[in-house]
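As structure tokens, the structure follows; a few thoughts come after it.
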Amino acid sequence: MSRTFIDISRLEHVYRPIGERIQDTLEVEAPLESDEVRQLASRCQNCGLPYCHTMGCPLQNAIPDINRAVMQGNWRDAWERLAETSPFPEFTSRICPALCEASCCLEGEGFGATNVRQIEKKIVDTAFANGWVVPQKPLRRNGKSVAVIGGGPSGLAAAAKLNASGWKVAVFDRNEQPGGLLRYGIPCFKLDKALVERRWRLMEEAGVEFHGKTEVGKDVSGGYLLKHFDAVVVALGTPVPRDLKVPGRELGGIVQALELLGGQNRMNTGEATETTVSGCGKKVLIIGGGDTGNDCGGTVIRQGAASVMSIDLMPKPPLERSVHTPWPMWPYKLRGSSSVDEGLQRFWSLNTLRFLGEKGQVTGVEVVPVKWEFAENGKPAKFAVSGPSRIIPCDLVVLAMGFLRQKREEILAGLGLPDQENVLLVGDAANGPSLVVRAIADGLKCATQLA
Ligand SMILES: Cc1cc2nc3c(=O)[nH]c(=O)nc-3n(C[C@H](O)[C@H](O)[C@H](O)COP(=O)(O)OP(=O)(O)OC[C@H]3O[C@@H](n4cnc5c(N)ncnc54)[C@H](O)[C@@H]3O)c2cc1C
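Residues in the sequence shown are numbered consecutively from 188, following my numbering.
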């Protein structure tokens, strides 16, 4: 057994300096050198039972084999192994929380997981730089056609795989460009939108047709699509955000997270000339302390907010892996983020009672501290007020409280589609709000089902 995992430490995030990165909208993560990545790959133990591959990665990437190829400097081999299971590693290697790393045996043994995500990033960036990534054209068409509603990661994955296996594929999206939340949700400082466009162009070259600015259910009916295609894949995500119906909700200056994030991404990429929502010079309060809240924090910091904090009703997660989520499970614990390093202040166990305002604009939020009781499985079960309320002054409130899962019948009715065998739901639309890697895996599974 190699002992490299002892001699070489796991690498934590390597971000560009804060003072530099908050002045731009470029990716925060600094690229690593090939030799450094080879060393990191050499920490992989090539375990007999690689949980990273079997239970960690929803795509079942052959992580130990890929790491071995990288360690040996066989970048092309590593790319080919990765591309066998992962259609868009340029996305996952940037924004995946890396379920694989949480289940790495080195993590379980307390040595710090192999840096699977950063290794994947170097592989895919090397592959693009060397021209190894080519359009996946089908050998021949099979005479069948499919309409994909929604060009997010699940729809793109289904479209890429079905196209490669011979189907004629048309993707319909209500947005101007495909990518879904990759394009209009996740900020540019986490994922450069040029990478989303590059993948879109590759898929077009491979033969996939894209129809932007086409809302199914409004501009074209689902029934029409079903008449003209052999199958319909519904990949429209979870577009309905959770709202906070407390007094004062009607005030100006209270927006949903995607209004802020989508507007800023549109401006960064020239799709719009200005943002629809700006935190410039404002005291910004984000309600919701999850990943979306962090993304909003980094966004308003770049816009020049005077201050930014997030509050959450849920309790602060433990600093270390909770005993209720032992290795190799995905750990429930407090996670850092680039936005927190940049100045986002986070607070937990605060319930929002009402919004206050003047002249129709929000000026503050009244919150009350709460104390949580936990169920036997460690999950927060119920809360009670634990102190007096207070006012947090603010002039922009961003709601980042997640998205609602719609029922299958509701989704189909909204699109004007019947519930039948050749109508398949995928990604977040099928499973509720989740992760890009799971959406991609689901898109591939759906394509296998159809093919
Ligand atoms: C702000 C934010 C940040 C996130 N960050 C991460 C992250 O860092 N890592 C991670 O793994 N996951 C992240 N997620 C979750 C991840 O983005 C989603 O799980 C994933 O994008 C779901 O993919 P999808 O294809 O199912 O849906 P989406 O990405 O939501 O795509 C759905 C597409 O359907 C289109 N559409 C909807 N209705 C219609 C219609 N009627 N007609 C035509 N088109 C329609 C939409 O325009 C959209 O393009 C984040 C989510 C949010 C909101």
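Glycine residues also receive a C-beta, built at the ideal position from the N, C-alpha and C atoms. What you are looking at is a predicted structure, and each value in this text was computed from that prediction instead of being measured.
Given residue i as reference, the closest of the options once Cα atoms are compared
{"i": "Gly449", "options": "Glu563, Arg370 and Leu537", "result": "Arg370"}
{"i": "Ala334", "options": "Leu413, Val311 and Val303", "result": "Leu413"}
{"i": "Leu540", "options": "Gly551, Gln532 and Phe534", "result": "Gly551"}
{"i": "Lys308", "options": "Glu216, Arg255, Gly353 and Leu286", "result": "Glu216"}
{"i": "Leu431", "options": "Val442, Ile627 and His415", "result": "Val442"}
{"i": "Ala228", "options": "Cys633, Gly399 and Leu198", "result": "Leu198"}
{"i": "Val624", "options": "Ile282, Glu214 and Val464", "result": "Ile282"}
{"i": "Asn362", "options": "Gly337, Arg327 and Tyr238", "result": "Gly337"}
{"i": "Phe397", "options": "Cys239, Asp360, Gly480 and Gly318", "result": "Asp360"}
{"i": "Ala650", "options": "Val510, Ser221 and Arg230", "result": "This structure cannot speak to residue 650, because the chain is shown only from 188 to 638."}
{"i": "Thr463", "options": "Asp482, Lys377, Thr272 and Gln490", "result": "Gln490"}
{"i": "Asn416", "options": "Glu446, Lys546 and Ser332", "result": "Contrary to the premise, residue 416 reads as Phe rather than Asn in this sequence. The shortest Cα separation from Phe416 among Glu446, Lys546 and Ser332 belongs to Ser332."}
{"i": "Gly636", "options": "Ala346, Glu207 and Glu288", "result": "It is Gln, not Gly, that sits at residue 636 in the sequence shown. Among Ala346, Glu207 and Glu288, the Cα nearest to that of Gln636 belongs to Ala346."}
{"i": "Glu288", "options": "Pro237, Pro276 and Pro325", "result": "Pro237"}
{"i": "Thr301", "options": "Asn233, Arg595 and Lys546", "result": "Asn233"}
{"i": "Gly485", "options": "Tyr519, Gly468, Glu529 and Arg453", "result": "Glu529"}
{"i": "Ala381", "options": "Ala256, Phe278 and Ala418", "result": "Phe278"}
{"i": "Ala616", "options": "Leu591, Glu294, Glu608 and Asp606", "result": "Leu591"}
{"i": "Ser189", "options": "Gly243, Leu423 and Arg255", "result": "Arg255"}
Any non-hydrogen atom of ligand 1 within 7 Å of residue i CB
{"i": "Leu591", "result": "no"}
{"i": "Ile473", "result": "no"}
{"i": "Cys291", "result": "no"}
{"i": "Leu402", "result": "With the sequence shown as reference, residue 402 is identified as Glu, and Leu is not the correct amino acid for it. Because some heavy atom of ligand 1 lies under 7 Å away, the Cβ of Glu402 counts as near it: yes."}
{"i": "Arg361", "result": "yes"}
{"i": "Cys375", "result": "no"}
{"i": "Pro426", "result": "yes"}
{"i": "Val624", "result": "yes"}
{"i": "Ile282", "result": "yes"}
{"i": "Pro276", "result": "no"}
{"i": "Leu612", "result": "no"}
{"i": "Ile598", "result": "no"}
{"i": "Ser526", "result": "no"}
{"i": "Asp379", "result": "no"}
{"i": "Ser341", "result": "yes"}
{"i": "Ser621", "result": "yes"}
{"i": "Ile193", "result": "no"}
{"i": "Thr463", "result": "no"}
{"i": "Leu369", "result": "yes"}
{"i": "Gly484", "result": "no"}
{"i": "Leu448", "result": "yes"}
{"i": "Asp478", "result": "yes"}
{"i": "Gly410", "result": "no"}
{"i": "Leu423", "result": "yes"}
{"i": "Gly372", "result": "yes"}
{"i": "Leu602", "result": "yes"}
{"i": "Ile441", "result": "no"}
{"i": "Asp615", "result": "yes"}
Min CB distance residue i to chain B below 8 Å
{"i": "Leu445", "result": "Of the protein chains in the structure, only one exists, and it is not chain B."}
Terminal residues of the beta strand (DSSP E) in which residue i lies
{"i": "Leu583", "result": "Leu583 to Leu586"}
{"i": "Phe192", "result": "Segment Thr191 to Asp194 is the alpha helix (DSSP H) holding Phe192; no beta strand (DSSP E) there."}
{"i": "Arg577", "result": "Arg577 to Pro580"}
{"i": "Glu396", "result": "Glu396 to His398"}
{"i": "Lys569", "result": "Pro567 to Val572"}
{"i": "Ala418", "result": "Ala418 to Val421"}
Opening and closing residue of the alpha helix (DSSP H) in which residue i lies
{"i": "Phe376", "result": "Here Phe376 belongs to no alpha helix (DSSP H), and DSSP marks it neither H nor E."}
{"i": "Pro251", "result": "Ile250 to Met258"}
{"i": "Ala639", "result": "Lying outside 188 to 638, the shown extent of the chain, residue 639 is not represented and no answer is given."}
{"i": "Phe278", "result": "Pro276 to Ile282"}
{"i": "Ile473", "result": "That residue, Ile473, is in no alpha helix (DSSP H); its beta strand (DSSP E) goes Lys470 to Ile474."}
{"i": "Leu611", "result": "From DSSP, Leu611 is part of no alpha helix (DSSP H) but of the beta strand (DSSP E) over Val610 to Leu612."}
{"i": "His200", "result": "Counting along the chain, His200 falls outside any alpha helix (DSSP H), and DSSP gives it neither H nor E."}
Test item: CB-CB of residue i and residue j under 8 Å
{"i": "Gly297", "j": "Gly435", "result": "no"}
{"i": "Val610", "j": "Val358", "result": "no"}
{"i": "Gly601", "j": "Ser341", "result": "no"}
{"i": "Gly630", "j": "Ala344", "result": "yes"}
{"i": "Gly476", "j": "Leu583", "result": "no"}
{"i": "Ser576", "j": "Val549", "result": "no"}
{"i": "Gly480", "j": "Ile488", "result": "no"}
{"i": "Gly366", "j": "Gly399", "result": "no"}
{"i": "Ala270", "j": "Ile253", "result": "no"}
{"i": "Asn350", "j": "Val321", "result": "no"}
{"i": "Ser196", "j": "Gly299", "result": "yes"}
{"i": "Ser280", "j": "Val257", "result": "no"}
{"i": "Lys520", "j": "Pro504", "result": "yes"}
{"i": "Cys483", "j": "Leu447", "result": "yes"}
Which residue spans inside the region 424 to 457 form an unbroken alpha helix (DSSP H) run of at least 4? List check, alpha helix (DSSP H) in window: 444 to 455.
Report the residue ranges of all alpha helix (DSSP H) runs contained in full by the region 485 to 552; include only those spanning at least 4 residues, in chain order. Fully enclosed alpha helix (DSSP H) runs of 4 or longer: 525 to 529.
Only counting runs of 4 or more residues, tell me where the alpha helix (DSSP H) segments fall wholly within the region 328 to 388, in order along the chain. Unbroken alpha helix (DSSP H) stretches of 4 residues or longer found wholly inside the region 328 to 388: 340 to 351 and 368 to 371, given in chain order.
At 4 residues or longer, what runs of the alpha helix (DSSP H) sit wholly inside the region 592 to 633? The region 592 to 633 is shown to contain whole alpha helix (DSSP H) runs of 4 or more residues at 595 to 602 and 615 to 618, in chain order.
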